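Below: the structure, in structure tokens.
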Amino acid sequence: MRTILRTLLALPCAALLAGCQTTVSFTSDIPGAIVTGASGQVFGETPTDVVFDDDALNASRNPIDRCARIPGVTYTWRSGAQASTSSPIMLCGDSRVFRVNIDRPREAANVETDLRYALEIQRRREVQLQHELEMERLYNDSRWPGMFWGPMMMPPPPPRHHRR
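Residues 308 to 471 (our numbering) make up the sequence shown, in order.
Structure (structure tokens):
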């Protein structure tokens, strides 16, 4: 009985703990910008998702507007072009996912460098997706028992007819 009671009490607690994060998606009009936090921490290359703990976000909420605050970030493209967000970045509302988008400064030089790199990122992603598609086809089309397991692995057994 105690085990059942513990299990029933643990389920709501696990559900509460699972939703304790908020994701901020950093994007740019030309992909490939490095996103750097105010403390110098590199978050990744746009587009990139960064997960923040809700406890820290809730501690930063203003009681009047109820918006959470995170430090601003700087985007740096391959050409050296830079753009920064306001600091702090305001996360308002009850969403678990927020999007921060910055456009590359139009007056910055060497836009061709950044566009070429964005194209390279797109080509790499296309190759990755093609590989994943081929692996999925191999998995689904394979009929070798013992090598793979999948929905179409073996043909159905032949019908059995009993003679009387």
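Glycine residues also receive a C-beta, built at the ideal position from the N, C-alpha and C atoms.
All values reported here derive from a predicted model rather than from experimental measurement.
Report yes if the CB atom of residue i is closer than 8 Å to the CB atom of residue j, and no otherwise.
i, j, result
"residue 359", "residue 407", "no"
"residue 428", "residue 339", "yes"
"residue 263", "residue 395", "The requested residue 263 is not part of the displayed model; the chain covers only 308 to 471."
"residue 367", "residue 376", "yes"
"residue 337", "residue 445", "no"
"residue 355", "residue 382", "no"
If residue i sits next to residue j, beta carbons under 8 Å apart, how far is it from one beta carbon to the other, in whole angstroms?
i, j, result
"residue 420", "residue 391", "Rounded, the Cβ-Cβ distance is 20 Å, inconsistent with contact."
"residue 388", "residue 415", "3 Å"
Using 10 angstroms around the beta-carbon of residue i, count the other beta-carbons present and answer buried if the total reaches 16, otherwise exposed.
i, result
"residue 313", "At residue 313 the pLDDT is 46, less than 50, meaning the model places this residue with poor confidence; the figure from the coordinates comes in the next sentence. Exposed, by the Cβ-count rule."
"residue 380", "buried"
"residue 411", "buried"
"residue 331", "buried"
"residue 327", "exposed"
"residue 335", "buried"
"residue 467", "exposed"
Can you name, in chain order, every residue of its own chain whose Cβ lies under 8 Å from the Cβ of residue i, other than the five neighbours on each side?
i, result
"residue 350", "333, 342, 343, 344, 357, 380"
"residue 398", "329, 331, 364, 374, 375, 376, 377, 405"
"residue 346", "378"
"residue 403", "326, 328, 329, 330"
"residue 434", "none"
Tell me which same chain residues have a C-beta within less than 7 Å of the C-beta of residue i, skipping the five on either side of it?
i, result
"residue 384", "337, 339, 340, 411, 421"
Provide the residue(s) that pair with residue i in DSSP beta bridges, ordered along the chain.
i, result
"residue 360", "328"
"residue 351", "342"
"residue 375", "398"
"residue 367", "According to DSSP, residue 367 bridges with nothing at all."
"residue 382", "342, 390"
"residue 483", "This structure leaves residue 483 out entirely; the chain is present only between 308 and 471."
What do you reckon, is the C-beta of residue i under 7 Å from a heavy atom of the ligand PLP?
i, result
"residue 405", "Ligands in the displayed structure: none, and consequently the ligand PLP is not present."
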